[in-house]
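Worksheet: one structure, shown below.
Number of protein chains: 2
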Amino acid sequence: MRIGIFGGTGPAGTSLGARLASIGHVVVLGSRSKYRAMESRDRLLVVNPELADRLESGDNAAAAECELVVIATPWDSAATTAQDHAEALAGKIVVSMANALVRVGHEFQPLVPPRGSVAAHVQAAVPRCRVVAAFHHLPAKELGNLGSPIDSDVLICGDDPAAVAQVSELVAAIPGCRPLDAGELSNATAIEAFTAVLLQLNGRYRTRAGMKITGIA
Amino acid sequence: MRIGIFGGTGPAGTSLGARLASIGHVVVLGSRSKYRAMESRDRLLVVNPELADRLESGDNAAAAECELVVIATPWDSAATTAQDHAEALAGKIVVSMANALVRVGHEFQPLVPPRGSVAAHVQAAVPRCRVVAAFHHLPAKELGNLGSPIDSDVLICGDDPAAVAQVSELVAAIPGCRPLDAGELSNATAIEAFTAVLLQLNGRYRTRAGMKITGIA
């Protein structure tokens, strides 16, 4: 599949882009500046030269032309960036992976966006898209470390079951990732907020925490 | 330790009471009605007669006399029940395990209480107590099934590190439970909300989902 990433130059977007390219997709790392996207691509290829044929770079408009688009921008520009490319995105699956968090002292706290989640905000901004929330809890560094599988479940939610199923297939192809259907997009509120707890644990235990659900065979 | 449970007649309170008694504590199952508490105790002893010496019943006032008190009432009476017994609770550790959830159609959605969490609401109601949030994600049935260990981490947060440490010790003694220090009480917001996702998964996968954090040795 051809996958575009808005904000493909940040830690989450870069790592996810590399990982998706490593399992056979063609990934367009997008950015507000196509030159920054080129830089990100160059940096990725130093470590993972085998991805050269499957990693492209461009501005966000180029990323928006892909079949499926992931929004990996900072949380407060996720909806506006999607809206800027509403025409190109219409009818497509748009994956929201951002978490609205703020650092207060030495703690991370979730911010609850007015519509309950970043994903719901994005869905409202591009109502003709099928927004799916996923990838919130994967530590970026593990995601980008292509030599190792990821030891984490990926909670996926959205209001279009076919879109959730397609993103689940994408996730299932990543070694060590298990997709779990977490229901409607309204569940993104709790999924996004929970990332604050994982970051909290990262600091407390000097680790990069992931999450697994027990009781599901 | 002598542990009191407010709302010790509901599924969560009954199961936790049985489990804590099974690891050697004396548990007072409290309720608004001491007769309902007697009934709950009787029911527990049919299945677990070996707990007879360590399970007591009483009204919530009797539970409030214990060294440590767990609030297992429905979420919307957690703070008022604590406040009713503020004098007896002063200076003690009060464990909040309630989640504010609402069923919307076939989905569970988190409600965000005005102070961000049930635990923060309780802390505001009894400012002289040391409130610790814990036990939100344990499936009640597994908790009460004393023959089997529990396969789940327990995220614990609170503003008094000594109180968090003491609750962590309590949790660590439950077979299969790992206590994790999730920081200040403000993190209860995301921890409580996340329970909605677990209930969602229970319905979707016909299971009783728990949660484990990866990346912490």
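Here the protein sequences line up with chains A and B, keeping their order.
Each residue of the first sequence is one higher than the one before, starting from 830 at the first, in our numbering.
Each residue of the second sequence is one higher than the one before, starting from 830 at the first, in our numbering.
For glycine and all other residues, C-beta sits at the position ideal for the given N, C-alpha and C.
Just so it is clear, the structure is predicted and the values come from calculations on it, not from any experiment.
Report task. Could you pull out every residue in the same chain whose Cβ sits closer than 7 Å to the Cβ of residue 1010 of chain A, ignoring the five residues on either side in sequence? Result -> Contacts found: 985, 993 and 997.
Report task. Quick one: which unbroken beta strand (DSSP E) runs of 3-plus residues sit fully inside the segment 896 to 931 of chain B? Chain order, please. Result -> 897 to 900 and 922 to 925
Query raised in the report: Can you name the start and end residues of the alpha helix (DSSP H) that residue 942 of chain B belongs to?
Result: For residue 942 of chain B, there is no enclosing alpha helix (DSSP H), as DSSP marks it with neither H nor E.
Report task. Output, in sequence order along the chain, the residues in the segment 934 to 962 of chain B whose CB is closer than 8 Å to any CB in chain A. Result -> From the segment 934 to 962 of chain B, only 936, 938, 939 and 941 have a Cβ closer than 8 Å to chain A.
Query raised in the report: On the three-pair Cβ rule with 8 Å, is the segment 869 to 886 of chain A touching the segment 899 to 918 of chain A?
Result: no
Query raised in the report: Of the residues that make up the segment 1003 to 1037 of chain B, which ones have a beta carbon closer than 7 Å to any beta carbon in chain A?
Result: 1009, 1010, 1011, 1012, 1013, 1015, 1016, 1018, 1019, 1020, 1022, 1023, 1025, 1026, 1029, 1030, 1033, 1034, 1036 and 1037
Report task. Evaluate residue 912 of chain B with the Cβ neighbour count: other Cβ atoms within 10 Å of its Cβ, from every protein chain shown; 16 or more gives buried, anything less gives exposed. Result -> Exposed, since its Cβ has fewer than 16 Cβ neighbours within 10 Å.
Query raised in the report: Of all the options B/969, B/887, B/981 and B/835, which has the alpha carbon lying nearest to the alpha carbon of residue 910 of chain B?
Result: Distances from the alpha-carbon of residue 910 of chain B to those of B/969, B/887, B/981 and B/835 put B/835 closest.
Report task. Mind listing, in chain order, the continuous beta strand (DSSP E) runs of no fewer than 3 residues lying wholly within the segment 962 to 1034 of chain B? Result -> 981 to 987 and 1006 to 1010
**Report entry** Chain-ordered chain A contacts of residue 1040 of chain B [CB-CB under 8 Å]
**Finding:** Simply 1040, 1041, 1042 and 1043.
Requested in this report: Give the DSSP bridge partners of residue 936 of chain A, in chain order.
Outcome: A/933
Report task. Out of A/875, A/881 and A/840, point me to the one whose CA is closest to residue 851 of chain A's CA. Result -> Measuring from the Cα of residue 851 of chain A, the nearest candidate turns out to be A/881.
Query - Cβ-Cβ distance between residue 965 of chain B and residue 907 of chain B below 9 Å - result: no
Query - Within chain A, the residues that residue 980 of chain B reaches when beta carbons sit closer than 8 Å - result: Here the neighbours are 1043 and 1044.
Query raised in the report: Excluding the five sequence neighbours on either side, which residues of its own chain have a C-beta within less than 8 Å of the C-beta of residue 930 of chain B, listed in chain order?
Result: 904, 937, 938, 939, 940, 1024, 1025 and 1028
Query raised in the report: Looking at the C-beta of residue 972 of chain B, does it have a partner C-beta in chain A at a distance below 9 Å?
Result: no
Query raised in the report: Short check: CB of residue 1018 of chain B to CB of residue 949 of chain B, under 9 Å?
Result: A contact, by the Cβ cut-off of 9 Å.
Requested in this report: To the nearest angstrom, report how far apart residue 861 of chain A and residue 969 of chain A are at their CA atoms.
Outcome: In a straight line, the C-alpha of residue 861 of chain A is about 21 Å away from that of residue 969 of chain A.
Report task. Taking C-beta pairs closer than 7 Å, name the residues in chain A that residue 984 of chain B reaches, listed in chain order. Result -> 1026
Query raised in the report: What first and last residue would you give for the alpha helix (DSSP H) that runs through residue 868 of chain B?
Result: 863 to 876
Query raised in the report: What is the DSSP secondary structure of residue 848 of chain A, reduced to helix, strand or coil?
Result: Helix at residue 848 of chain A.
Requested in this report: Just confirm the distance between the C-beta atoms of residue 839 of chain B and residue 846 of chain B, as a whole number of angstroms; I'd bet it's less than 8 Å.
Outcome: In this structure residue 839 of chain B is not in contact with residue 846 of chain B, their Cβ atoms being roughly 10 Å apart against a cut-off of 8 Å.
Query - Nonlocal neighbours in the same chain, by C-beta distance under 8 Å from residue 933 of chain A, ignoring five residues either side - result: Excluding residues within five positions, none has a Cβ falling inside 8 Å.
Requested in this report: Compute the Euclidean distance between the alpha carbons of residue 1008 of chain A and residue 977 of chain A, then round it to the nearest angstrom.
Outcome: 18 Å
**Report entry** Sequence-distant residues of its chain with Cβ nearer than 7 Å to residue 887 of chain A (five each side left out)
**Finding:** 857, 859, 863 and 866
Query raised in the report: Given a threshold of 16 other Cβ atoms within 10 Å of its Cβ, counted over all protein chains shown, does residue 962 of chain B qualify as buried or as exposed?
Result: That one is buried.
Report task. Please state whether DSSP places residue 960 of chain B in a helix, a strand or coil. Result -> Assigned with DSSP and collapsed to three states, residue 960 of chain B falls in strand.
Report task. Please check if any C-beta of chain B sits within less than 9 Å of the C-beta of residue 990 of chain A. Result -> Taking Cβ atoms only, chain B never reaches closer than 9 Å to residue 990 of chain A, which makes this a no.
Query raised in the report: Apart from the five residues just before and just after residue 896 of chain A, which ones in its own chain have a Cβ nearer than 6 Å to its Cβ?
Result: 830 and 831
Query raised in the report: Whose CA, out of B/1046, B/844, B/876 and B/967, lies closest to the CA of residue 1048 of chain B?
Result: With chain B covering 830 to 1046 only, the question about residue 1048 of chain B has no answer from this structure.
Requested in this report: Assign residue 959 of chain A to buried or exposed, taking buried as 16 or more other Cβ atoms, counted over all protein chains shown, within 10 Å of its Cβ.
Outcome: buried
Report task. Measure the alpha-carbon distance for residue 920 of chain A versus residue 893 of chain A and round it to whole angstroms. Result -> 12 Å
Query raised in the report: Straight-line CA distance for residue 1000 of chain B to residue 983 of chain B?
Result: 7 Å
Query raised in the report: So with Cβ pairs under 9 Å, would you call residue 968 of chain A a contact of chain B?
Result: yes
**Report entry** Option nearest residue 1035 of chain A by Cα separation, candidates B/1038, B/956, B/844 and B/1044
**Finding:** Ranking the options by Cα distance to residue 1035 of chain A, first place goes to B/1044.
Requested in this report: Go ahead and label residue 899 of chain A buried or exposed: buried means 16 or more other beta carbons lie within 10 angstroms of its beta carbon, across all protein chains shown.
Outcome: buried
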